[in-house]
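Note that the sequence shown covers residues -19 to -1, 1 to 220 in mature numbering (1 follows the signal peptide of the UniProt record, and there is no 0). We put the CB at the ideal spot given by N, CA and C, even for glycine. What follows is one structure encoded as structure tokens, with my remarks underneath.
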Amino acid sequence: MKKQLLTALLALSTGVLTAQTCNPQYQDSTFGAWPDTTTNFAPAFVNVPYVQLLDFKAPSDAGDIDPAYSGATINSYRVTSVNGLPSGFTYQCSAANCQYNGGTAGCAQLTGTANNTQIGTHPIDIVIQATIMIGSIPAPVNYTFSGYKLIIQEQELGTTLLAPDQVYIYPNPASTMINIVHADLYETIEIYGVNGQLISQKGIASSEEQINLSDVKEGIYFIHLIKGETKNVHKFVKK
């Protein structure tokens, strides 16, 4: 049950993006992780600026996760460390000191640029401290969980990853439709699932393209914008 508590506290939503302040998603959810460690972090590429967005939410009643704590209030929770990040990578939360009230959503982003010496798989441990109220007494409890990993790869030969700020994709997360602004910088749009399966493909006919997501299942997807040997990759969430 402790592992479920940890999983409920942290989630990720990622992409190779220009760094920006994250805004917490899933405000209307009870609690959870979006997604879990099965999906994990997106890969990082050598010499390409990397940003990994994380979304998380904890309940206010600890009993919602573990009946052993029924009646105890989660007063607050805080991300205290992200262990295993390669040199030059760091994380920043949307709230000061990475601390949030129980029952509220938060987010963080991992940033960095990998080099050739860091190619490989880096296991990541995330440490969270929850302050549980036992009556009127606050009880800080640390939880450490693993299962996340950052895979650093070389860029594919003949493939160029462009600065994603040339293209604007919204909304993200998306429910029925997603828009791609400045799509005409490219020739083809391909959408892939996290398992690498091609979901859809279309040619680009205008500067702003719309993609209907009505028949797409909830989850994490990647938009590949392609022109010749040039490729720009964006990640989005279908909710």
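Run the CB neighbour count on residue i, radius 10 Å, all protein chains shown included, and call it buried at 16 or more, exposed below.
i	result
N21	buried
G139	With a pLDDT of 44 at G139, under the threshold of 50, the modelled position of this residue cannot be trusted; read the value that follows with caution. Classification for G139: exposed.
L91	buried
A89	buried
residue 247	Beyond the ends of the chain as shown, which are -19 and 220, falls residue 247; an answer cannot be given.
Y151	exposed
G93	buried
A49	exposed
K183	exposed
I115	exposed
Could you pull the start and end residues of the beta strand (DSSP E) that residue i belongs to?
i	result
A86	86 to 93
H163	Counting along the chain, H163 falls outside any beta strand (DSSP E), and DSSP gives it neither H nor E.
G101	101 to 115
F37	31 to 38
F217	211 to 219
L206	200 to 208
T98	Where T98 is concerned, there is no enclosing beta strand (DSSP E), given that its DSSP letter is neither H nor E.
S62	54 to 64
What does the alpha-carbon distance come out to for the pair residue i and residue j?
i	j	result
D106	I55	22 Å
G87	K212	31 Å
V148	I132	25 Å
N78	A23	25 Å
L(-10)	Y31	Caution applies to L(-10), whose pLDDT of 40 falls short of 50 and renders its modelled position unreliable; the value that the coordinates give is listed next. Distance between the alpha carbons of L(-10) and Y31 is about 19 Å.
residue 261	N96	This structure does not reach residue 261, given that the chain is present from -19 up to 220, and the question cannot be answered.
I204	F26	17 Å
To which residues of the same chain is residue i closer than 7 Å at the C-beta, ignoring the five residues directly before and after it?
i	result
G83	A39, P40, S41, T54, I55, N56, S57, Y58
P5	D36, S75, A86, G87, C88
P119	N56, T112
residue 242	Here the chain comprises residues numbered -19 to 220, so residue 242 is not present and cannot be evaluated.
Keeping to the same chain, check which residues put their C-beta closer than 6 Å to that of residue i; ignore five residues upstream and five downstream.
i	result
V108	T61, S62, T125
P121	Q110, T112
T18	G128, Y129
Assess contact between the region 97 to 105 and the region 37 to 47, defined as three or more Cβ pairs (one per stretch) separated by less than 8 Å. Is contact present? no
Any contact of the region 166 to 177 with the region 116 to 131, i.e. 3+ C-beta pairs under 8 Å? no
Stretch pair the region 148 to 163 + the region 180 to 198: three plus CB contacts closer than 8 Å: yes
Using 8 Å as the Cβ pair cut-off and three pairs as the minimum, do the region 196 to 211 and the region 169 to 178 touch? yes
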